[in-house]
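Mapping to UniProt numbering: the sequence shown position 35 is 35, numbers consecutive.
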Amino acid sequence: MTTERPAPELLSNPRSDRVKAVARLSGRSARQRAGRFLAEGPQAVREAVAEHAARARSRTHRSPGSASAPEAPGALRELYATPDAADRHPEILDAAADSGVWPRLVTDEVLAAMLAGAGTTTPQGLLAVCDLITVPLAAVLAEKPRLVAVLSQVRDPGNAGTVIRAADAAGADAVVLTDSSVDVHNPKCVRSTAGSLFHLPVVVGVPLDEAVKALKDAGLQVLAADGAGDHDLDDLADDAEDRATGATEATGATEATEATEATEVTGTTGATGVTASSVIGSPHLESPVAWVFGNEAWGLPQADRDLADAVVRVPVHGRAESLNLGTAATVCLYATARAQHRAERRAEHRAEHRAEHRAEHRAEHRAEHRAETSAEPRRFTEADPA
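Following this line, the structure appears as structure tokens:
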């Protein structure tokens, strides 16, 4: 239930110190100093509020005596809305107030001044100020990820945001932006994610060689996406489907065959998939994978491609010269997600089959034992009546 609160005061001076402080967050240096960034528009603000509310509930339910955790990244700090937007999206303002952040009403002129440096041509009436959203790579790897997108030297904020959104839609576990890539908190990048920035962990500022080494050490294959790749993505997807089909047809075969299949589909992370070291020459999409995507204009330099376990190309069947970064990344991530989900279903099917087989075997054994017992002649003792 929304707590009752007084009507917020309308901020109407576009030259006030508060407005200037918010406007400065459109610049990278100011964001770094303040540790905060801007999320503009109903979709981004809705997700920011939802994430803040979830973290607030988590802190509330923390068991007594547990260690005090640092303030969660991505926490909502301020929320501004024009009266028009407040009328259109009352549920967003109510959710923010319920989580302890009181919305402030602003005029259209004030909101425009706050977004003057953000490249927003038509403000949508809602603006949130949030803590920077970044997590260490080690924390991501501790969760045993199966699908990660790595952006190397990606400079366009719109493209970076599009890949983050695609990674979120494909069910990826994290996105990594190298130290040579755009600031993920750039207003245009945040806007392009359409709220996905608040859905999955984002790692920033890691040199590509360090990121690749850490990902490999964690058991992920590292695949570089490049038009000149030695491996065709369609072929890899077909191979993954063939392995899934072959394993399904082989269910119920000898234990030796099952053991071989289990070796093929169990990676160093303990999830379905092969180990990274075993697939350098033949990538398996159903295994844990980290995709590396390069710059929009020149792709991945040879030195960066050499870091990967394999280089994969997205086939172009028509006359287009190439695919843009966002489209290529989406295709790669979805092909991998499909292969991994298929492998997970196969593993579940095989586990169910084994469980049913063991249950049937035990039932048959008990029935045979009862039959043997009832067939045995009764032995009389001296205490038995004649």
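Backbone N, C-alpha and C define an ideal beta-carbon position, used for all residues, glycine too. Note that the structure is predicted; figures quoted are calculated from it, not measured.
Next item on the list: Return no unless some Cβ of chain C is closer than 7 Å to the Cβ of V110.
Entry: Of the protein chains in the structure, only one exists, and it is not chain C.
Checklist line | Limits of the beta strand (DSSP E) - the one that E143 falls within | finding: Translated into the one-based positions of the sequence shown, residue 143 becomes position 143. That residue, E143, is in no beta strand (DSSP E); it is neither H nor E in DSSP.
Next item on the list: Could you check the C-alpha separation between P283 and L115 for me, to the nearest Å?
Entry: Here residue 283 corresponds to residue number 283 of the sequence shown, with the count starting at 1. Here residue 115 corresponds to residue number 115 of the sequence shown, with the count starting at 1. Whole-angstrom Cα-Cα distance: 45 Å.
Check: At which residues does the alpha helix (DSSP H) containing A30 begin and terminate?
Finding: Reading the sequence shown from its first residue, position 30 is the one you call residue 30. Looking at the DSSP string, the run of the alpha helix (DSSP H) that includes A30 is R28 to A34.
Check: What residue from S152, K213, R146 and V312 has the CA that sits closest to G179's CA?
Finding: Counting from 1 along the sequence shown, the entry for residue 179 is found at position 179. It should be pointed out that residue 179 corresponds to Asp in this sequence rather than to Gly. When only C-alpha atoms are compared, the closest one is S152.
Check: CB-CB under 8 Å to A308, same chain, minus the five flanking residues each way: which ones, in chain order?
Finding: Position 308 of the sequence shown holds residue 308. Within the same chain, A308 has close Cβ partners V212, V222, L223, A224 and V292.
Checklist line | Contact between the region 118-134 and the region 37-50 (3+ Cβ pairs under 8 Å) | finding: yes
Notebook entry, point to check: Is V314 helix, strand or coil when you go by DSSP?
Noted result: Numbered from 1 along the sequence shown, position 314 holds the residue referred to as residue 314. If DSSP states are grouped into helix, strand and coil, V314 belongs with coil.
Next item on the list: Please list, in chain order, all residues of the same chain as V182 whose beta carbon is under 7 Å from its beta carbon, the five residues on each side excluded.
Entry: Working through the sequence shown from its first residue, we reach residue 182 at position 182. Answer for V182: V154, R155, D156, P157, A160 and C189, listed in chain order.
Item checked: N- and C-terminal bounds of the alpha helix (DSSP H) containing A112 -> Residue mapping note: residue 112 aligns to position 112 of the sequence shown, counting from 1. Taken as a continuous stretch (DSSP letters only), the alpha helix (DSSP H) holding A112 covers D108 to M114.
Note to self: In this structure, how does DSSP classify D183 when only helix, strand and coil are distinguished?
What the structure shows: Locating residue 183 in the sequence shown gives position 183, counting from the first residue. Coil, per DSSP.
Next item on the list: Would you kindly work out how many angstroms separate the C-alpha atoms of D168 and P201, rounded to a whole number?
Entry: Within the sequence shown, numbered from 1, the residue matching residue 168 stands at position 168. Within the sequence shown, numbered from 1, the residue matching residue 201 stands at position 201. Those two C-alpha atoms are separated by around 10 Å.
Note to self: Among L300, R346 and G229, whose alpha-carbon lies nearest the alpha-carbon of V316?
What the structure shows: As a first step, residue 316 must be located in the sequence shown, where it is residue number 316. Comparing Cα-Cα distances from V316 to each of L300, R346 and G229, the minimum goes to G229.
Note to self: Just to confirm, is the Cβ distance from V204 to V140 under 7 Å?
What the structure shows: As a first step, residue 204 is located in the sequence shown; it is residue number 204 there, counting from the start. As a first step, residue 140 is located in the sequence shown; it is residue number 140 there, counting from the start. The answer is no: Cβ separation not under 7 Å.
Margin query: Can you look up L11 in the DSSP assignment and give me helix, strand or coil?
Written below: Along the sequence shown, read from residue 1 onward, the residue named residue 11 stands at position 11. Three-state result, L11: strand.
Check: Starting from A81 and walking both ways along the alpha helix (DSSP H), at which residues does that stretch end?
Finding: In the sequence shown, counting from the first residue as 1, residue 81 sits at position 81. Segment L76 to A81 is the beta strand (DSSP E) holding A81; no alpha helix (DSSP H) there.
Check: Looking only at C-alpha atoms, which of D304, A310, G326 and A81 sits nearest to L208?
Finding: In the sequence shown, counting from the first residue as 1, residue 208 sits at position 208. Considering only alpha carbons, the answer is D304.
Checklist line | Straight-line Cα distance separating D226 from Q302 | finding: To locate residue 302, count along the sequence shown from 1; it is residue 302. To locate residue 226, count along the sequence shown from 1; it is residue 226. Rounded to the nearest angstrom, the two C-alpha atoms are 10 Å apart.
Item checked: Exposure of Q124, with buried meaning 16 or more beta-carbon neighbours within 10 Å -> As a position in the sequence shown, residue 124 is number 124, starting the count at 1. Burial call: buried.
Notebook entry, point to check: Is the Cβ-Cβ distance between G294 and L300 less than 7 Å?
Noted result: In the sequence shown, residue 294 corresponds to position 294, counting from 1. In the sequence shown, residue 300 corresponds to position 300, counting from 1. Contact: yes.
Item checked: Cβ shell of A240 (< 6 Å), same chain only, five flanking positions each side left out -> Here residue 240 refers to the residue found at position 240 of the sequence shown. Excluding residues within five positions, the ones whose Cβ falls inside 6 Å are L285, E286 and A339.
Check: Hey, quick one: how far does the beta strand (DSSP E) through residue 389 stretch, first residue to last?
Finding: In the structure as shown, the chain begins at 1 and stops at 386. Residue 389 is therefore absent and cannot be evaluated.
Notebook entry, point to check: In or out: S12 buried (at least 16 other Cβ within 10 Å) or exposed?
Noted result: The sequence position of residue 12 within the sequence shown is 12, counting from 1. Exposed, by the Cβ-count rule.
Check: Quick one, which of R15, P83 and I164 has its alpha-carbon nearest R191's?
Finding: The sequence position of residue 191 within the sequence shown is 191, counting from 1. For the residues R15, P83 and I164, the minimum Cα distance to R191 belongs to I164.
Check: Since G41 contacts A166 with CB under 8 Å, what's their CB separation in whole angstroms?
Finding: The residue you call residue 41 lines up with position 41 of the sequence shown. The residue you call residue 166 lines up with position 166 of the sequence shown. In fact, because the Cβ distance is near 19 Å, the residues do not count as touching under 8 Å.
Checklist line | For C332: DSSP bridge partner residues | finding: Position 332 of the sequence shown holds residue 332. Bridge partners of C332: none, in fact.
Item checked: Sub-7 Å separation of A96 and L79 beta-carbons -> Indexing the sequence shown from 1 puts residue 96 at position 96. Indexing the sequence shown from 1 puts residue 79 at position 79. For A96 and L79, yes; Cβs fall inside 7 Å.
Item checked: Separation of L220 from T254, as counted between CA atoms -> Your numbering for residue 254 matches position 254 in the sequence shown. Your numbering for residue 220 matches position 220 in the sequence shown. Per-residue confidence for T254 stands at a pLDDT of 42, beneath the threshold of 50, marking its modelled position as unreliable; no derived number is given.
Checklist line | Residues that D131 bridges to, as DSSP identifies them | finding: Counting from 1 along the sequence shown, the entry for residue 131 is found at position 131. D131 is bridged to R36.
Note to self: Output needed for L93: all residues of its chain with C-beta closer than 8 Å, excluding positions within five of it in sequence on either side, in chain order.
What the structure shows: As a position in the sequence shown, residue 93 is number 93, starting the count at 1. Closer than 8 Å at Cβ, skipping near neighbours: L79, A81, A86 and P103.
Margin query: With H, G and I counted as helix, E and B as strand and the rest as coil, what does DSSP make of V154?
Written below: Within the sequence shown, numbered from 1, the residue matching residue 154 stands at position 154. DSSP places V154 in coil when its eight states are reduced to three.
Check: According to the neighbour-count rule (16 or more other Cβ atoms, all chains shown, within 10 Å of its Cβ), is S196 buried or exposed?
Finding: Within the sequence shown, the letter at position 196 stands for residue 196. Buried.
Item checked: Residues sharing a beta bridge with W102, DSSP -> One-based indexing of the sequence shown puts residue 102 at position 102. Its beta-bridge partners do not exist; DSSP assigns none.
Next item on the list: Give me the Cα-Cα distance between S26 and A218, rounded to the nearest whole angstrom.
Entry: The residue given as residue 26 occupies position 26 in the sequence shown. The residue given as residue 218 occupies position 218 in the sequence shown. Roughly 36 Å between the two C-alpha positions.
Next item on the list: Evaluate A259 with the Cβ neighbour count: other Cβ atoms within 10 Å of its Cβ, from every protein chain shown; 16 or more gives buried, anything less gives exposed.
Entry: Locating residue 259 in the sequence shown gives position 259, counting from the first residue. Caution applies to A259, whose pLDDT of 38 falls short of 50 and renders its modelled position unreliable; the model cannot decide the point.
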